[in-house]
Amino acid sequence: MARDVEVGVVGSLTMIVLFSSVFFLLRNFYKRFTRFKEKEAPMQENEGDN
């Protein structure tokens with residue numbers, strides 16, 4: 876019951892849009908994560924040397 880389906884230009888454009896959007900999302904989250912890691916979290920009162 877398998878049929879040969881040709882996706883054509885529309886399928887190619889859809890895949891380009893999906894992959895590029897995933898790439899940009901991952902890049903933005905990575906940039907945000909590295910910025911968060913570089914910034915030191917302020918020490919709270921109970922986190923000092925005991």
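In the working numbering, the protein residues as written are 876 to 925. Where is the CB? At the ideal position from N, CA and C, for every residue including glycine. If you're wondering where the values come from, they're calculated on a predicted model, not measured in any experiment.
Using the three-state DSSP reduction, which class does Lys-914 fall into: helix, strand or coil?
Here the question's residue 914 lines up with position 39 in the sequence shown. Note: Lys-914 maps to coil in three-state DSSP.
Would you kindly work out how many angstroms separate the C-alpha atoms of Leu-901 and Phe-908, rounded to a whole number?
Taking the sequence shown and counting its residues from 1, one reaches residue 901 at position 26. Taking the sequence shown and counting its residues from 1, one reaches residue 908 at position 33. Near 10 Å, if we compare the C-alpha coordinates of Phe-908 and Leu-901.
DSSP three-state label for Arg-878, please.
Here residue 878 refers to the residue found at position 3 when the sequence shown is read from its first residue. For Arg-878, the secondary structure class from DSSP, reduced to helix, strand or coil, is coil.
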